[in-house]
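Colleague:
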Amino acid sequence: MRLRLWKDPETNQVWQYIQPYEHQFFEYYDFSAWKEEKVREVLDYWTSKPFDTYRGPLSRIVILTMPDGYNGYYMNAHHMTMDASSIVTFNRDVLDIYCHLMYDMEYPKPMTSYIESISKELEYQAGSKKRQKDEAYWMEQFSRPEPIYTDFTGPGRLMQQQAEKNDPNMRAALLQSKDAAGSTDTYALDCESTMKLVNFCEEHGFPVSVLLLHGLRTVLSKFNNNEKDICIKDFVSRRSTVLAKKSGGVRMHCMTLRTIIEPTDTVLEAMKKIDDAQNELFRHSEYGPMSFYVNQRKAYGIDSGYGYESIGFTYQPSTLKSIVPYLRNIPYKSYWYSSGRQPQPLYVTAMHRPGDGGLNFHFGYMTELATPKEIEFLYYYIGRVLFRSIENPNATVQEIMDMV
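Numbering-wise, the sequence shown is residues 895 to 1298 according to my numbering.
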């Protein structure tokens, strides 16, 4: 929370440093007499205001009393300083400290060193053997034939850009919009249906993320003339050690998850291919998105801003099993507010709800490239694919697409 960024006005070089500790007082707003819709308008407005990146705090916390009787806090953080795992850890520590003070519960374990974590990052980037192995792996991947862009609304966008460029063989698409204006639509899957997905994955030994990726890529295939070669931007939380889990900061990398699934592959065979591909990506995810995409562009001769993924994806694994015992009977809830910006065509986050453990699907999309109706249509088909798949795990992918 004390991380600061500074840009040298002469060289434009960016520095990060840790602000010395200061006792901090937080704003408080009592919205108890307001209508909830009006409160959401205010919080959306707060969220849409950008931080002064190089001149001040990069987070904001406000204590709130809400109209429905809940008390809590609003938190906004610059994504350059915190990722979802950081926020989850922070929230858990806040609850644990509160329960320690109020009910003499155990105090949370101390944070680990952010600076030590950064130092290990710099050692890797300096050219360690691990980095050399990761680079060799990705260079081998880039020697494969060029991927193809598949849009979540169908082939029209790529075909339009091919016509504009007078290049019918163009396989990458421009992923930017004019102003990056965005919105977020959220869909809630009930707890019973969520557990059907979770139980299926446990029965067959797959992470839940693999089933969700199967749903996404099968829909992309169906919407794009049954294309077998599908790319999704997969977001990886690199927190496999105690140091990484408790050091805060941003440890999220994203790379292209490319899978080629034959229409004759069964659901379980397709999921095995996705699982293998994702495990490979995880093993080499330290490499970093900037290096990844620079070398991908060089390999396929595409310009900056072009790519092959219309969808970015992340899954936040948290279920009822992880809820601390003293909160099981205390009702609580959380809500995401949109910043009004979206740097990629579509970013899908699947996250378990606090309380009942059901899945929420957050669709953050560029409003220039999609409408709420198209997002609803996409969610409907993803759901159809997921449940037809777990009901018919030995059916072929083509049969699943025909069912939906």
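The C-beta atom is built at its ideal place from N, Cα and C for all residues, glycine as well.
By DSSP, does residue 1131 sit in helix, in strand, or in coil?
Modeller: Residue state, collapsed to three classes: strand.
Colleague: According to DSSP, is residue 987 helix, strand or coil?
Modeller: Three-state DSSP puts residue 987 in a helix.
Colleague: Using a Cβ-Cβ cutoff of less than 7 Å, which residues in the same chain neighbour residue 1165 once the five nearest sequence positions on both sides are dropped?
Modeller: Around residue 1165: 1100, 1104, 1105, 1108.
Colleague: Whole-angstrom Cβ separation of residue 1277 and residue 1082, contact assumed at under 8 Å?
Modeller: Contact doesn't hold; Cβ gap of about 12 Å is too wide.
Colleague: Of all the options 1247, 1238, 1248, which has the alpha carbon lying nearest to the alpha carbon of residue 1260?
Modeller: Ranking the options by Cα distance to residue 1260, first place goes to 1238.
Colleague: Taking residue 1246 as part of the beta strand (DSSP E), name the residues at either end of that continuous run.
Modeller: It spans 1240-1246 - the beta strand (DSSP E) in which residue 1246 sits, taken as one unbroken run.
Colleague: Given that a residue counts as buried once 16 or more other Cβ atoms are within 10 Å of its Cβ, and exposed if not, what is residue 971?
Modeller: It is buried - the Cβ of residue 971 has at least 16 other Cβ atoms within 10 Å.
Colleague: Among all the DSSP beta bridges, which residues are the ones paired with residue 1124?
Modeller: Residue 1124 pairs with 1153.
Colleague: Would you list, in sequence order, the uninterrupted beta strand (DSSP E) runs of no fewer than 3 residues that lie entirely inside the segment 1019-1058?
Modeller: DSSP runs (the beta strand (DSSP E)) wholly in the segment 1019-1058: none.
Colleague: Please check the pair residue 1040 and residue 1194, which I expect to be a contact at CB under 8 Å, by giving their CB distance rounded to whole angstroms.
Modeller: About 5 Å separates the two Cβ atoms, so the contact holds.
Colleague: Rounded to a whole number of angstroms, what is the C-alpha to C-alpha distance between residue 1262 and residue 966?
Modeller: If you take the alpha carbons of residue 1262 and residue 966, they lie about 34 Å apart.
Colleague: With 16 other CB atoms within 10 Å as the buried threshold, where does residue 1180 fall?
Modeller: Result: buried.
Colleague: Is residue 903 buried or exposed, if buried means 16 or more other CB atoms sit within 10 Å of its CB?
Modeller: Exposed, because fewer than 16 other Cβ atoms sit within 10 Å of the Cβ of residue 903.
Colleague: Let me know if residue 1057 comes out buried or exposed under the rule of 16 or more other beta-carbons within 10 Å of its beta-carbon.
Modeller: Residue 1057 comes out exposed.
Colleague: Quick check on DSSP: helix, strand or coil for residue 1254?
Modeller: It is a strand residue.
Colleague: Within 10 Å of its beta-carbon, does residue 963 have 16 or more other beta-carbons around it, so buried, or fewer, so exposed?
Modeller: By the 10 Å Cβ count, residue 963 comes out exposed.
Colleague: Count the other CB atoms, across all protein chains shown, that sit within 10 Å of the CB of residue 1131; report buried if there are 16 or more and exposed otherwise.
Modeller: Under this definition residue 1131 is a buried residue.
Colleague: Which runs of the beta strand (DSSP E), 3 residues or longer, sit entirely within the segment 913-937?
Modeller: Runs of the beta strand (DSSP E) inside the segment 913-937: 921-924.
Colleague: If I measure Cβ to Cβ from residue 922 and keep anything under 6 Å in the same chain, skipping five residues before and after, which residues do I get?
Modeller: Answer for residue 922: 957, listed in chain order.
Colleague: Return the bridge partner residues of residue 1203 from the DSSP annotation.
Modeller: In the DSSP output, where bridge partners are listed per residue, residue 1203 has 1044.
Colleague: Taking the alpha carbon of residue 1309 as the reference point, which residue from 1141, 1140, 1292 has its own alpha carbon closest?
Modeller: Only positions 895 to 1298 of the chain appear in the structure, and residue 1309 is not among them; the question remains open.
Colleague: Indicate the three-state DSSP secondary structure (helix, strand or coil) for residue 1178 in the structure shown.
Modeller: Residue 1178: coil per DSSP, three-state reduction.
Colleague: To which residues of the same chain is residue 1266 closer than 7 Å at the C-beta, ignoring the five residues directly before and after it?
Modeller: So the qualifying residues of the chain are 1079.
Colleague: Given a cut-off of 8 Å, decide if residue 942 and residue 1258 are closer than it, judged by their beta-carbon atoms.
Modeller: In this structure, residue 942 does not lie closer than 8 Å to residue 1258 by Cβ.
Colleague: Less than 7 Å between C-beta atoms, sequence neighbours within five positions excluded: which residues of the same chain meet that for residue 1281?
Modeller: Excluding sequence neighbours, residue 1281 sits near nothing in its chain.
Colleague: For a quick check, are the C-beta atoms of residue 1120 and residue 1295 less than 8 Å apart?
Modeller: Cβ atoms of residue 1120 and residue 1295: closer than 8 Å.
Colleague: Could you give the residue range of the alpha helix (DSSP H) that holds residue 1269?
Modeller: Here the alpha helix (DSSP H) through residue 1269 covers 1266-1285.
Colleague: With distances taken Cα to Cα, identify the nearest neighbour of residue 1271 among 1047, 1059, 948.
Modeller: Comparing Cα positions, the closest option is 1047.
Colleague: Whole angstroms are fine: how far does the CA of residue 950 sit from the CA of residue 1076?
Modeller: Distance between the alpha carbons of residue 1076 and residue 950 is about 25 Å.
Colleague: May I ask you to list the residues that DSSP assigns as paired with residue 1075?
Modeller: 1235.
Colleague: Tell me whether the beta-carbon of residue 1204 lies closer than 8 Å to the beta-carbon of residue 1043.
Modeller: Yes, Cβ-Cβ distance for residue 1204 and residue 1043 is below 8 Å.
Colleague: Note the first and the last residue of the continuous alpha helix (DSSP H) segment covering residue 1185.
Modeller: It spans 1183-1194 - the alpha helix (DSSP H) in which residue 1185 sits, taken as one unbroken run.
Colleague: Thinking C-alpha only, which one of 1176, 1086, 1243, 1196 is nearest residue 1250?
Modeller: With distances taken between Cα atoms, residue 1250 lies closest to 1086.
Colleague: May I ask you to list the residues that DSSP assigns as paired with residue 901?
Modeller: 908.
Colleague: Tell me which residues share the same chain as residue 1018 and place their Cβ nearer than 7 Å to its Cβ, disregarding the 5 neighbours each side in the sequence.
Modeller: Only 1024, 1025, 1180 meet the Cβ criterion.
Colleague: Just to confirm before moving on: does the CB-CB distance between residue 1124 and residue 1114 stay below 8 Å?
Modeller: In this structure, residue 1114 lies closer than 8 Å to residue 1124 by Cβ.
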